[in-house]
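Here the protein sequences come in this chain order: W and C.
Note that my numbering has the first sequence beginning at 24, numbered continuously upward.
Note that my numbering has the second sequence beginning at 314, numbered continuously upward.
Where is the CB? At the ideal position from N, CA and C, for every residue including glycine.
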Amino acid sequence: KAGVTQTPRYLIKTRGQQVTLSCSPISGHRSVSWYQQTPGQGLQFLFEYFSETQRNKGNFPGRFSGRQFSNSRSEMNVSTLELGDSALYLCASSLQGQGINSPLHFGNGTRLTVT
Amino acid sequence: EDKVVQSPLSLVVHEGDTVTLNCSYEVTNFRSLLWYKQEKKAPTFLFMLTSSGIEKKSGRLSSILDKKELFSILNITATQTGDSAIYLCDAMGENDMRFGAGTRLTVKP
Chain W
24 KAGVTQTPRY LIKTRGQQVT LSCSPISGHR SVSWYQQTPG QGLQFLFEYF SETQRNKGNF
84 PGRFSGRQFS NSRSEMNVST LELGDSALYL CASSLQGQGI NSPLHFGNGT RLTVT
Chain C
314 EDKVVQSPLS LVVHEGDTVT LNCSYEVTNF RSLLWYKQEK KAPTFLFMLT SSGIEKKSGR
374 LSSILDKKEL FSILNITATQ TGDSAIYLCD AMGENDMRFG AGTRLTVKP
C-alpha cells in the first residue's frame, strides 16, 4: 500500500506570494490533517478534512486554507506569505480521523522557505 | 486551554543506556495518547494508549499511561544509535489533538 504522498518536497517563495501544497492520503483513508512544524513551536495543527468537509481547525490566520476532493486528496493554500511561514508542512491521513483513536500516517512533508 | 508538555526537550545518552521520556497533558474530553518517532521527515506511529496502567511494549520500547495524574512515559532500554530521533507525544481529545514540542534524543556510540 502506498504511503502518504506530499508534493512538492521543497519550495522557495518570496513574501507576499501564495503557495499551494498537495497531499495524497493512503488509499481508503478519509481523514487528512495538516500540520506546521518549526524548531521553536513543534508540531502545530492547522486543520483536518474528512469526506470533503473541514472538521476541525487550529489557531492559524485565515491566510491558511485548505480543501479536500472527492478522492480524499487534499490541498493547502497559504496566501500573502510571511517570513514566519517558513516551516515543514506535514500532512497526515487516518482511517477515521482526529479524536477517534486512529493513528496518523504522515507524509514526508513539504519544506517551505519564504525569503 | 489544552496543552501537552514533554520533558526533557533534549537528551544525550550513550548506547546501552536506558531513557525515560515524559509527556503530561491537559486535553478536554481526553480519548487517547499516542507516541510517534520522527527521524528525518515523517513521524511514524509507535504506541496508542487509552487505558491507565496497561503497559504497551514493542521490543526495547514500552509506554504507559496514567489518566489520574495526566501523564505518560516512554521507556527505551539498551538504547542504540538508531534510536536517535525526536519523540512526539500526541494527546487526542474529542474535538482536538495536541502535540508536544517533542524530545530530541541523541544516542552516541
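- Where S125 (chain W) and F68 (chain W) are concerned, what is the direct C-alpha to C-alpha distance, given to the nearest angstrom? Going from the Cα of S125 (chain W) to the Cα of F68 (chain W) covers about 16 Å.
- Pick from W:A25, W:Y33 and W:S95: whose alpha carbon is nearest that of S109 (chain W)? Among W:A25, W:Y33 and W:S95, the Cα nearest to that of S109 (chain W) belongs to W:Y33.
- To the nearest angstrom, how far is it from the Cα of T133 (chain W) to the Cα of L387 (chain C)? Cα to Cα, the separation comes out at about 28 Å.
- Message: With a threshold of 7 Å on Cβ separation, who are the neighbours of R373 (chain C) within its own chain once the five nearest residues in sequence on each side are excluded?
- Response: Around R373 (chain C): I389, T390 and A391.
- Assuming V55 (chain W) and S97 (chain W) make a contact with CB atoms under 8 Å, what is their CB distance in whole Å? Beta-carbon to beta-carbon, V55 (chain W) and S97 (chain W) are separated by about 4 Å, close enough to satisfy the 8 Å threshold.
- Message: With a threshold of 7 Å between beta carbons, is P321 (chain C) in contact with chain W?
- Response: For P321 (chain C), the answer is no, since every Cβ of chain W falls outside 7 Å of its Cβ.
- Message: Give me the subset of the segment 40-53 of chain W whose CB atoms are less than 8 Å from a CB atom of chain C, sorted by chain position.
- Response: Within the segment 40-53 of chain W, no residue qualifies.
- With respect to the beta strand (DSSP E) encompassing Q77 (chain W), which residues constitute its N-terminal and C-terminal limits? From DSSP, the beta strand (DSSP E) with Q77 (chain W) extends over T76 to K80.
- Item | Rounded separation between I377 (chain C) and T333 (chain C) - CA only | In a straight line, the C-alpha of I377 (chain C) is about 11 Å away from that of T333 (chain C).
- Neighbour list for F384 (chain C) in chain W, Cβ cutoff strictly below 7 Å: Neighbours of F384 (chain C) on chain W: none; closest Cβ ~18 Å, over 7 Å.
- Query: Looking only at C-alpha atoms, which of W:Y58, W:F73 and W:N131 sits nearest to F87 (chain W)?
  - Reply: Here the closest residue by C-alpha is W:Y58.
- Task: Consult DSSP for L106 (chain W) and reduce its assignment to one of helix, strand or coil.
- Result: Look at L106 (chain W) here: in three-state DSSP terms it is helix.
- Message: Check this for me: beta carbons of D315 (chain C) and D409 (chain C), under 7 Å apart or not?
- Response: Contact: yes.
- Mind pulling the chain C residues with CB within less than 7 Å of F129 (chain W)? Neighbours of F129 (chain W) on chain C, chain order: A355 and P356.
- Message: Looking at the secondary structure, which residues open and close the beta strand (DSSP E) in which A398 (chain C) lies?
- Response: Segment A398 to G406, the beta strand (DSSP E) holding A398 (chain C).
- Task: Determine which residues of the segment 53-84 of chain W have a Cβ less than 7 Å from any Cβ of chain C, and write them out in chain order.
- Result: Listed in sequence order: G65, L66, F68 and N79.
- Considering only the beta carbon of each residue, do Q351 (chain C) and L383 (chain C) sit closer than 7 Å? In this structure, Q351 (chain C) lies away from L383 (chain C), with their beta-carbon atoms at least 7 Å apart.
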